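Numbering follows the working numbering, in which position 3 of the sequence shown is assigned residue number 10; successive positions increment by one, without gaps.
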Amino acid sequence: MKIIIALIIIALFLVVFVYLALLLKKKRRRRKTSSPAAQKRSSSSTLVPGVPEVPGTTTDWPPPESKSDDSLNVTSGSGNDYKLTNFLKVGAFALWYEEGAVDKSVVQSYGDKLNYVRADTLENWHFFDPPNMRHGHCVNIYFDKRPPGVGTESIDAFRCPFMVLNPEYGFDEKLILHEGFHIFQWCGTNCGGERGFAYSENMRWYTETLANTYVALNSSDPLRFHEMAGIVANPHLNMWQSFGNLKGKDDPSSSESWLYGVRQYSCAIPYYLITQKNIPRKTFSEGHYNNTKLSPQEYMFQNIDNFAGLYADFAASTVHRKWLSEEESKLITSEISAWAKTEGEHHVHSYTCEFELQKGLQSCPLDPIASNGEKFLQSPHKLEGEYFYPSDYTATRPWGFNVYKMIVDKPSQLALILTSEGIFELRIVKVDGSVQAVKTAEYFNVSKGTYYIVIVCTSPIFEGYESISYGLKLSKKDISADKRNMIRITNTKAFQYFRM
Ligand SMILES: [Zn+2]
Numbered sequence: 008m009k010i011i012i013a014l015i016i017i018a019l020f021l022v023v024f025v026y027l028a029l030l031l032k033k034k035r036r037r038r039k040t041s042s043p044a045a046q047k048r049s050s051s052s053t054l055v056p057g058v059p060e061v062p063g064t065t066t067d068w069p070p071p072e073s074k075s076d077d078s079l080n081v082t083s084g085s086g087n088d089y090k091l092t093n094f095l096k097v098g099a100f101a102l103w104y105e106e107g108a109v110d111k112s113v114v115q116s117y118g119d120k121l122n123y124v125r126a127d128t129l130e131n132w133h134f135f136d137p138p139n140m141r142h143g144h145c146v147n148i149y150f151d152k153r154p155p156g157v158g159t160e161s162i163d164a165f166r167c168p169f170m171v172l173n174p175e176y177g178f179d180e181k182l183i184l185h186e187g188f189h190i191f192q193w194c195g196t197n198c199g200g201e202r203g204f205a206y207s208e209n210m211r212w213y214t215e216t217l218a219n220t221y222v223a224l225n226s227s228d229p230l231r232f233h234e235m236a237g238i239v240a241n242p243h244l245n246m247w248q249s250f251g252n253l254k255g256k257d258d259p260s261s262s263e264s265w266l267y268g269v270r271q272y273s274c275a276i277p278y279y280l281i282t283q284k285n286i287p288r289k290t291f292s293e294g295h296y297n298n299t300k301l302s303p304q305e306y307m308f309q310n311i312d313n314f315a316g317l318y319a320d321f322a323a324s325t326v327h328r329k330w331l332s333e334e335e336s337k338l339i340t341s342e343i344s345a346w347a348k349t350e351g352e353h354h355v356h357s358y359t360c361e362f363e364l365q366k367g368l369q370s371c372p373l374d375p376i377a378s379n380g381e382k383f384l385q386s387p388h389k390l391e392g393e394y395f396y397p398s399d400y401t402a403t404r405p406w407g408f409n410v411y412k413m414i415v416d417k418p419s420q421l422a423l424i425l426t427s428e429g430i431f432e433l434r435i436v437k438v439d440g441s442v443q444a445v446k447t448a449e450y451f452n453v454s455k456g457t458y459y460i461v462i463v464c465t466s467p468i469f470e471g472y473e474s475i476s477y478g479l480k481l482s483k484k485d486i487s488a489d490k491r492n493m494i495r496i497t498n499t500k501a502f503q504y505f506r507m
């Protein structure tokens, strides 16, 4: 009997043991299949054996101190599709190449320039190292024949940036400054969650704009500003329009129009604010790392004193572009002409209207046609009483602007009278190229020559593409008539001439 009881107990133990073992196995399997991150990690480590995982890449804050350059490891990552085995370690970068495919001095030059970008961006732009360096690994640069790319966009299996350079391109300073800067913008797009400076929608323009600002600040290549043609050709578009973030109603797509689609690569706005208005570089870069949820345009609005006024000054400065060299400025004009030839001049709306003051805004063509027969506007301008209403198609959108070119034949006093529900800054670009800020209904003097009226929309709207409707009226006093009148009064010994 005792033996039977002992056997039953043993059997019960066995049943419980087997049941518990099965339960544990099932749990493990469920955990494995329910976590995509865990799946990704496990497949990555089998894809690239021997590459240590970089821990805490998405949530580490504040970032740990970087290791010294000497102690950084060189480890080929998942971006090494070409299985390159030769490398040159230059500071914090490991440059991988095929013997004979690229000159070793070119590899060294890229390494030197990348280390310059690193030192400069950490010091002057308040960026941080990407996770590679913070956890003891060099950033990998691969010379192979894929299209060049990097930075914020190229993330290897361990969520670390790497870069691909085409060995046939030779040393390209602008390319390495641009792509190298992207490496240090890393957190803007890759620190987890939807950040304000993400590479998407209304924020996307800024990553590219700022990388090209870095190029312009560090290179003297006259082509560094040529994308500004997009702003000069279509100033009414929003600051944040980009090739991945088109488009307003009836706008051409980026594939149809370089002049509409290139805008995000123009460095003009941050470059102007840094060099002409002394805004510190870090104002433009800290938002990549400080977890802001604001878009770059709203971030600038909140963090730069009188941003609306400074932006209006920028808008007015695009007319004569005095802060560029003559060659750089001419390049923008010739860029617009060249693209107008290939894409059609109806893609250019530099001036809302060109008119003679004598004839007034009433002389503006309401539905102009380009030489190729295309309409410049999708809907015509309108005249209502003495007010000119620009077409919805080219009326400025928030954080865009309109430019009116005005020929003045004799000295006058002039006031702009604006009617709108939007918020606007007004600027007059004078004959000598200087800029005057004016308010609605405030008189200013004009003499013979060409002037530009710049209407800048600074309504606190930071997304979307709707234009802001406004009516513009010019109120004119003819000074020479007044003067004749004054002289007559003076001759009657009233001595009131000084009232001018
Ligand atoms: Zn880029």
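Glycine included, every Cβ here is placed at the ideal spot set by N, Cα and C.
On a predicted model such as this, the values are computed, not experimentally measured, just so you know.
Using a Cβ distance threshold of 8 Å, Y117 and I183 count as a contacting pair.
By the C-beta density criterion, V124 is buried, having at least 16 other C-beta atoms within 10 angstroms. Under DSSP, W103 forms a beta bridge with F94, Y149.
A distance criterion of 7 Å places the beta-carbon of H185 in contact range of ligand 1, judged by its closest non-hydrogen atom. Here the region 202-220 does not lie against the region 309-327, with fewer than 3 beta-carbon pairs under 8 Å apart. The C-beta distance from L423 to L479 rounds to 6 Å, short enough to meet the 8 Å contact threshold. Residues of the same chain with a CB within less than 7 Å of the CB of V109, apart from the 5 flanking positions on each side, are F150, P174 in chain order. Membership of I183 in the alpha helix (DSSP H) is indicated by the continuous run 180-191. The beta carbons of A347 and T465 sit no closer together than 8 Å.
If you draw a straight line from the Cα of E473 to the Cα of N313, it comes to about 24 Å. Within the chosen limit of 7 Å, ligand 1 does not reach the beta carbon of H295 with any heavy atom.
Under the three-state reduction of DSSP output, D258 falls in the coil class, being neither helix nor strand.
In the structure shown, the three-state DSSP call for P303 is helix. Using a Cβ distance threshold of 8 Å, Y477 and F431 count as a contacting pair. Setting aside the 5 residues that flank it on each side, E449 is surrounded in the same chain by A422, each with a C-beta closer than 7 Å to its C-beta; the list follows chain order. Around the beta carbon of N225, a 10 Å sphere encloses 16 or more other beta carbons of the protein chains shown; the residue is thus reported as buried. Straight-line measurement puts the Cα of T196 at about 20 Å from the Cα of N131. The beta carbon of W103 is closer than 6 Å to those of L91, F94, Y149 in its chain, skipping five residues each way along the sequence. Between the alpha carbons of A345 and S332 lies a distance of about 20 Å. Taking 7 Å as the cut-off, one finds no heavy atom of ligand 1 near enough to the beta carbon of A275. Between K120 and E180, the beta carbon gap of about 7 Å places them in contact (Cβ cut-off 8 Å). Counting the other Cβ atoms within 10 Å of the Cβ of A322 gives 16 or more, which makes it buried. Annotation for S419: the continuous beta strand (DSSP E) segment containing it runs 419-427.
Relative to ligand 1, the nearest heavy atom lies less than 7 Å away from the CB of E215.
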